[in-house]
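Okay, so here's the structure we're looking at.
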Amino acid sequence: MSLHEYHPAHGAGCALCCYGFERLHKAGEAPLTHCPACGTALRRALAAPALIDSAARHLAPAHLARHGFSQYRRLERGRYEKIAGDGPDRLGDD
Ligand SMILES: [Zn+2]
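Take the sequence shown: its letters are residues 28 to 121, numbered as in the working numbering.
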């Protein structure tokens, strides 16, 4: 099952599609190309799982380091060990 979000590709659409609507598809079911109520051509918006995949990729240590960020893992209260980036190897040591 996957959730798809649809909006009219152009024009105002009808009561069903004018503000966009969501439709749950079974695996392998073809996405809608036209509104089932009024026949207006539809475009698909990004589904939520695609956005989550993208966020996870951007928070990966290698991606953060490439863009100048450092990432730390908590060792214990107040002490952190670097896992990515150019920052100091440890934070919180006395
Ligand atoms: Zn419609």
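Quick reminder that beta carbons are idealized off the backbone N, C-alpha and C, glycines included.
Looking at Glu32 and Ala83, is the spacing between their C-beta atoms short of 8 angstroms?
Between Ala83 and Glu32, the gap from beta carbon to beta carbon reaches 8 angstroms or more.
Between which two residues does the alpha helix (DSSP H) containing Ala72 stretch?
No alpha helix (DSSP H) contains Ala72, which is instead part of the beta strand (DSSP E) from Leu69 to Ala72.
Top-ranked residue by Cα proximity to His37, from Asp116, Cys62, Leu51 and Ala54:
Selected option, being the one with the closest Cα: Cys62.
Using a 10 Å radius around the Cβ and a threshold of 16 neighbouring Cβ atoms, would you call Gly55 buried or exposed?
Sixteen is the threshold: since fewer than 16 other Cβ atoms of the shown chains lie within 10 Å of the Cβ of Gly55, the residue is exposed.
Contact test: Gly40 Cβ vs ligand 1 heavy atom, cutoff 7 angstroms
For Gly40, the Cβ falls inside the 7 angstroms cut-off from some heavy atom of ligand 1.
For Thr67, verify whether its CB is less than 7 angstroms away from any heavy atom of ligand 1.
Remark: the C-beta of Thr67 is in contact range of ligand 1, defined as less than 7 angstroms to any heavy atom.
DSSP on Ala83, reduced to helix/strand/coil?
In the three-state reduction of the DSSP assignment, Ala83 falls in the helix class.
If you draw a straight line from the alpha carbon of Leu118 to that of His85, how long is it in whole angstroms?
Cα to Cα, Leu118 sits roughly 23 angstroms from His85.
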